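In UniProt numbering, the protein residues as written are 1 to 347. Beta carbons: idealized from backbone N, C-alpha and C, even for Gly. Just so we're clear, the structure is a prediction, and the values are computed from it rather than from any experiment. Worksheet for the structure shown next.
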């Protein structure tokens, strides 16, 4: 508990480091500011959660700069660290476990104003299954923002998948967890009143990598592509891991090395791009931040490979940050709202 409080104090301090005025007085913080900006962008509103998710992956120099600033400002009051509201939609969810670890669970939100259990199968709602991000090390299934509200109000069932994380679970295990979660939810389709053969997978960041993997490697994941009707990806950059790691700067490359190691054979084995020559999920909506080179390049690579092998793919760049492309999904003013609505018409 004391460790978490101390970490929250450091996160609040990191927001101060992003201040231009503070940097003028603290020249040694400039590299740390650049590092935080690379990880989190300029979205100050969402900076606290981003720093919290990525703190353990920051360079030792940046961690030290944050600690030094906290000490110099005398920030000893944990009340200053506000608790992040990871989920705006708290009611109506039921949790289903698919394993003996507490992370191995799915939060299910039924559609609103639809008596799905009484409908014939052809009229039952589709299920949107969301996979959270967090660098394969952080994050939680409660981090759904406005998505549950948005989808359930529009007649879809919604689920958010929890899965085991680094360092306890390598990416291979995370893939197995997500596949097991999908299988478990399909087995409960009749009970919960949705169409188990009409599932759309959605993921952000590391979750986008996992969703893309589910949509390209049917044999390895055990996922039935007749059931996976669509994939929505939000600003992922791990579709061709080996190629991405060759161009990533040190800060983000460390995150990828922790997840995928340094062996190119393993990196290729964990890359969705490796499996696009076979059967793929049919329909894809790939959204990425317009000024983030890694996700732009990786999204283009994946799109080209999928289209070459017969998939229907819409790729759209949006003028947002890595955080807001996920956080603001479902808002009326979401830049890609029209593309999302058009994509969902088929389901």
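(message) Check for me: the alpha helix (DSSP H) holding residue 326 runs from which residue to which?
(response) 324 to 327
(request) Please work out which residues of its chain come closer than 6 Å, Cβ to Cβ, to residue 180, disregarding the five sequence neighbours upstream and downstream, and give them in chain order. (result) 98
(message) My output table needs one value for residue 307: the three-state DSSP class, helix, strand or coil.
(response) helix
(message) Is it buried or exposed, residue 327, if we count other Cβ atoms within 10 angstroms and call 16 or more buried?
(response) buried
(request) Less than 8 Å between the CB atoms is what I'm expecting for residue 266 and residue 274, so what's the real figure, rounded? (result) Not quite, the Cβ-Cβ distance comes to about 11 Å (not below 8 Å), so this is no contact.
(request) For residue 238, name the three-state secondary structure that DSSP assigns. (result) coil
(request) Would you tell me roughly how many angstroms separate the C-alpha atoms of residue 343 and residue 285, rounded to the nearest one? (result) 7 Å
(request) Check whether the Cβ atoms of residue 289 and residue 245 sit closer than 9 Å, and answer yes or no. (result) no
(request) Taking residue 61 and residue 40 to be in contact with their CB atoms under 8 Å, please state how far apart those CB atoms are, rounded to whole angstroms. (result) Contact flag wrong, Cβ pair sits at about 17 Å.
(request) Could you tell me which of 293, 209, 278 and 208 sits nearest to residue 311, measuring between CA atoms? (result) 278
(message) For residue 131 and residue 291, I'd like the C-alpha separation in whole angstroms.
(response) 23 Å
(message) Give me, in chain order, the residues of the same chain whose beta-carbon lies closer than 6 Å to that of residue 152; leave out the 5 immediate sequence neighbours on both sides.
(response) 109, 111, 112 and 158
(request) Leaving out five residues on either side along the sequence, give the residues of the same chain with a beta carbon under 7 Å from the beta carbon of residue 58. (result) 35
(message) Looking at the secondary structure, which residues open and close the alpha helix (DSSP H) in which residue 187 lies?
(response) 171 to 187
(request) Return the CA-CA distance between residue 336 and residue 287, expressed in angstroms with no decimal places. (result) 8 Å
(request) Report the rounded CA-to-CA distance for residue 124 versus residue 188, giving the unit in angstroms. (result) 13 Å
(request) Quick one: give me the first and last residue of the alpha helix (DSSP H) that residue 358 is part of. (result) Nothing about residue 358 can be read from this structure; the chain reaches only from 1 to 347.
(request) Just the C-alpha distance for residue 349 and residue 239, rounded to the nearest angstrom, thanks. (result) The shown model of the chain, from 1 to 347, leaves out residue 349, and the question about it has no answer.
(message) Cutting at 7 Å between CB atoms, please list the residues of its own chain near residue 212, excluding the five before and the five after it.
(response) 231, 233, 236, 239, 272 and 302
(request) Could you pull the start and end residues of the alpha helix (DSSP H) that residue 339 belongs to? (result) 337 to 344
(message) Can you give me the C-alpha to C-alpha distance between residue 196 and residue 222, rounded to a whole angstrom?
(response) 15 Å
(request) Identify whether residue 320 lies in helix, strand or coil by the three-state DSSP scheme. (result) coil
(request) On a CA-only basis, which of 136, 161 and 103 is nearest residue 127? Give me that one, please. (result) 161
(message) I'd like the list of long-range same chain contacts for residue 217, defined as Cβ closer than 6 Å, with 5 residues on each side in sequence excluded.
(response) 275
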